[in-house]
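Have a look at the structure below, then the notes.
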Amino acid sequence: MKRLTVFYDADCGFCVTCRWWLGRQPAFVDLDFLAAGSPEANRRFPGLAAPGPVEELLVVDDEGGVYRGASAWLMCLWALQDYREWAGRLASPALLPLARGAFAFLSGKRRAISGVLGLEPERWAEEFRRSEPPRCVGGGASGGPDPALPLPATSPPDGGRAGTGGPTSTDP
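Numbering (the working numbering), first residue to last: 7 to 178.
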């Protein structure tokens, strides 16, 4: 086995974050990522995923094996250099029920996790990457403050003592 194709939910911020994390890990096999239900996924794997909302993680290996849910998650861990041993442990008869339960819990709460952590779906991230960077109003090319706006006339929060050897705890 030389390649795994991971189908992920591009409308789920948690899923997108996991996809980016997986892609940055050193791996024993190549990982290819496809947004589930995307035109590219449907073209390359016709009929594999049902239309509609993505309900589970799906992994396909280059030998034709298909893995769903917790088994797909374990295959992703198996592919990674730093997590292959964990994948083997979690797949053991003693820990597999725990691994399945943990995956089912996270999978069922993934949208809530996305909201709590502020993780954005991929389409928003792509729009953000394509958008123009923010520009300072009136700052021009230097990026400095707008000369037409007055600067606040306040003293520093430390009363101007920073770096001056100001009062210490032994001073009266």
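Yeah, the Cβ is synthetic: ideal placement off N, Cα and C, and Gly gets one too.
*At a cut of 8 Å, does the region 80 to 90 reach the region 28 to 45 through at least three beta carbon pairs?*
yes
*Find the nearest neighbour of S113 within the set Y14, R90, S98, A41, judged by alpha-carbon distance.*
Y14
*asked:* Could you check whether R25 and V12 sit closer than 8 Å to each other, using their CB atoms as the reference points?
replied: yes
_Run of the beta strand (DSSP E) containing A41, from where it starts to where it stops_ = 36 to 41
*To the nearest whole angstrom, what separates the beta carbons of L101 and A78, a pair I think is in contact under 8 Å?*
Not a contact, Cβ separation roughly 17 Å.
*asked:* Taking the straight line between their C-alpha atoms, what separation do you get for G75 and L10?
replied: 15 Å
_Quick check for students: name the residue ranges of the alpha helix (DSSP H) that lie wholly in the region 63 to 103, counting only runs of 4 or more._
76 to 85, 90 to 96
*Which one or two residues does DSSP pair with A33 in a beta bridge?*
L86
*With L10 as the anchor, note down where its beta strand (DSSP E) starts and where it stops.*
9 to 14
*For S120, does the count of other Cβ atoms within 10 angstroms reach 16, so buried, or fall short, so exposed?*
buried
*From the DSSP output, in three-state form, read off C24 for me.*
Residue state, collapsed to three classes: helix.
*Cα-Cα separation, L54 to L123*: 31 Å
*Measure from the C-beta of L104 to each C-beta in chain D and report whether the shortest distance is under 8 Å.*
Absence of chain D from the displayed structure is noted, only one protein chain being present.
*G94 versus G70: straight-line alpha-carbon distance, rounded*: 21 Å
*Leaving out five residues on either side along the sequence, give the residues of the same chain with a beta carbon under 7 Å from the beta carbon of D68.*
M7, K8, R9
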